[in-house]
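The next block holds one structure in the form of structure tokens; read it before the comments.
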Amino acid sequence: MARLARRFVCVRIQSMNGINLDLFQFEFDLTWMSFFMDAENRFYARYGGREDSGPESHLNRESLTRVMNQVLGLHEKHQVQTGRHEPSGRSRRTPEQIPPMRAMIAKRKNKCIHCHDVKVATLRDLRRGNRLRREMVFTYPTPANLGIAIDPRRQDHVEAVRPGTPATRAGIRRGDRIISADGQRVLTLADFSRVLERTPTQATLPLTLQRDGQSITTRLRLSAGWRRTPDPSWRESLHVVGPGCGLWGRRLSAKERRRLKLPARKLALKVTFIWGPHTRRAGIRVGDVIVRLDNVDGDLTIKQFNAQPMLNNTWGDTIPIVLRRKGREMTVKMTFPRQPVD
161 MARLARRFVC
171 VRIQSMNGIN
181 LDLFQFEFDL
191 TWMSFFMDAE
201 NRFYARYGGR
211 EDSGPESHLN
221 RESLTRVMNQ
231 VLGLHEKHQV
241 QTGRHEPSGR
251 SRRTPEQIPP
261 MRAMIAKRKN
271 KCIHCHDVKV
281 ATLRDLRRGN
291 RLRREMVFTY
301 PTPANLGIAI
311 DPRRQDHVEA
321 VRPGTPATRA
331 GIRRGDRIIS
341 ADGQRVLTLA
351 DFSRVLERTP
361 TQATLPLTLQ
371 RDGQSITTRL
381 RLSAGWRRTP
391 DPSWRESLHV
401 VGPGCGLWGR
411 RLSAKERRRL
421 KLPARKLALK
431 VTFIWGPHTR
441 RAGIRVGDVI
451 VRLDNVDGDL
461 TIKQFNAQPM
471 LNNTWGDTIP
481 IVLRRKGREM
491 TVKMTFPRQP
501 VD
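The sequence shown begins at 161 in this note's numbering and counts up one residue at a time.
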């Protein structure tokens, strides 16, 4: 890997301060992303991205080495991306120009702008102008949203196809190699995700595949709601689009559940920290065990728990929360703030 890396000019960007957002566009909820570019700011490929299942779902040595070798071949032939989906960077726009950003970083000692700050500031700006829609949090969808499971190691190959999805209806099969999506070359999950980010809510997406040595063209028909994923709780920007419960906690262990006679695979979160005034007004205390949130009682992580009202409730709503305290079950009512507090 080190020998291969020496064939590139490697630049590590540790903060988004002063970065041109009209050139570097990606999923800002991620913790890591990479670009392969030439000296004229043209793109060969992207590498990074994730599924809901985990931050490193498609980050591994094998796939990185593979795309690095592919990019070297493209560079020798001057074959940069020619599709319309990559930014040109001809204009310049920085994170500091997003109106809410100044207040966000004002109290930070080093004024460092993180990747997720860019998206949070952008969504807050939209919210101030009454232009924010909840689905805007679902940026850079992956092929999994269409029913395509991408091979984590050979990221231009289809590992599986989920039944009853646009991919199934388009005739895509396991083992197919993805050549391009809407005219954009696909080497990685991130390449495909970039195309999907720029695809409308309702669209027909052309896909070129290779199967048994033959080139095949098919079309994916996308309808409303295709951008949503089952578990966006990992997204730092989620708190902008809806109210939160104002608490932190942890799942009870199997031993703790047995002691409290709580069923497995059901909600059982012990409150360990409270920061929301509305949480305290509801009467929730540190040490309480939450077993139901509104109409949700399935087993959740604390991030999944906090994501529920952000995705399903609005500011000012009141919801019931069922909890256990000292052997007694009780229901409290939580009323969310009437407006966001940034």
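Built from N, CA and C at the ideal position, the CB exists for glycine as well.
Does DSSP put residue i in a helix, a strand or coil?
| i | result |
| --- | --- |
| glutamate 282 | The question names glutamate, yet the displayed sequence has threonine at residue 282. Here threonine 282 sits in helix by DSSP. |
| phenylalanine 186 | coil |
| leucine 412 | coil |
| alanine 205 | strand |
| isoleucine 173 | coil |
| glutamate 216 | coil |
| proline 480 | strand |
| histidine 238 | coil |
| methionine 137 | As shown, the chain starts at 161 and ends at 502. That puts residue 137 outside it, with no answer to give. |
| glycine 443 | coil |
| valine 346 | coil |
| threonine 254 | coil |
| threonine 474 | coil |
| arginine 262 | helix |
| glutamate 222 | helix |
| glutamine 374 | strand |
| phenylalanine 465 | helix |
| methionine 580 | Not covered by the structure: residue 580. The range shown for the chain is 161 to 502. |
| threonine 191 | coil |
| phenylalanine 196 | strand |
| glycine 233 | helix |
| glutamate 246 | coil |
| threonine 328 | helix |
Residues in its own chain within less than 6 Å of residue i by CB, not counting five upstream and five downstream?
| i | result |
| --- | --- |
| leucine 234 | Tyr204 |
| arginine 358 | His245 |
| aspartate 391 | Asp212 |
| threonine 364 | Arg379, Arg381 |
| glutamine 344 | Gly243, His245, Val355 |
| glutamate 396 | Asp189, His276 |
| glutamine 370 | Arg337, Ile339 |
| threonine 368 | Ile339, Ser340, Thr377 |
| aspartate 316 | Arg337, Ile338, Val346, Leu347 |
| methionine 197 | Phe203 |
| tryptophan 386 | Asn305 |
For residue i, which beta-bridge partners are listed by DSSP?
| i | result |
| --- | --- |
| arginine 379 | Pro366 |
| lysine 430 | Arg410, Val449 |
| isoleucine 338 | Leu369 |
| histidine 276 | Histidine 276 pairs with nothing; no bridge assigned. |
| lysine 421 | Paired residue(s): none; lysine 421 is not in a bridge. |
| arginine 358 | Paired residue(s): none; arginine 358 is not in a bridge. |
| valine 321 | Ile308 |
| arginine 488 | Arg485 |
| glycine 385 | DSSP, once it has assigned bridges, lists no residue as partnering glycine 385. |
| valine 456 | Leu453 |
In angstroms with no decimal places, state the Cα-to-Cα distance between residue i and residue j.
| i | j | result |
| --- | --- | --- |
| glutamine 374 | proline 497 | 58 Å |
| glutamate 236 | methionine 228 | 13 Å |
| arginine 441 | methionine 494 | 8 Å |
| glycine 409 | glutamate 256 | 34 Å |
| proline 366 | proline 480 | 46 Å |
| tyrosine 300 | phenylalanine 186 | 7 Å |
| phenylalanine 195 | glycine 324 | 34 Å |
| arginine 484 | valine 451 | 7 Å |
| tryptophan 435 | lysine 279 | 23 Å |
| arginine 381 | arginine 293 | 23 Å |
| glycine 214 | valine 449 | 26 Å |
| leucine 356 | valine 297 | 14 Å |
| glycine 209 | arginine 284 | 23 Å |
| arginine 354 | tryptophan 475 | 32 Å |
| threonine 191 | cysteine 272 | 14 Å |
| alanine 189 | histidine 276 | A small correction: the amino acid at residue 189 is aspartate; alanine does not occupy that position in the sequence shown. Distance between the alpha carbons of aspartate 189 and histidine 276 is about 5 Å. |
| isoleucine 376 | leucine 306 | 18 Å |
| leucine 347 | isoleucine 339 | 8 Å |
| glutamine 239 | aspartate 351 | 15 Å |
| valine 169 | leucine 232 | 12 Å |
| arginine 163 | aspartate 311 | 25 Å |
| asparagine 270 | methionine 176 | 12 Å |
| alanine 199 | aspartate 342 | 26 Å |
| arginine 417 | serine 251 | 57 Å |
| arginine 444 | glycine 487 | Note that residue 444 is isoleucine in the sequence shown here, rather than arginine. In a straight line, the C-alpha of isoleucine 444 is about 15 Å away from that of glycine 487. |
| lysine 463 | leucine 407 | 10 Å |
| proline 303 | histidine 274 | 26 Å |
Given residue i, which residues of its chain have a CB within under 7 Å of its CB, disregarding the five upstream and five downstream residues?
| i | result |
| --- | --- |
| leucine 224 | Tyr207 |
| isoleucine 308 | Val318, Val321, Ala327, Ile332 |
| leucine 183 | Asn201, Pro247, Gly249 |
| arginine 313 | Asn220, Glu222, Ser223 |
Quick one: what's got a C-beta closer than 8 Å to residue i's C-beta in the same chain, skipping five residues either side?
| i | result |
| --- | --- |
| alanine 281 | Pro255, Ile258, Pro259, Pro260, Met261, Met264 |
| alanine 414 | Ala424 |
| valine 446 | Val431, Thr432, Phe433, Ile434 |
| leucine 427 | Ile450, Val451, Arg452, Leu453, Val456, Asp457, Gly458, Asp459, Leu460, Phe465 |
| phenylalanine 362 | Note on residue identity: the sequence assigns glutamine, not phenylalanine, to residue 362. Around glutamine 362: Leu382, Ser383, Ala384. |
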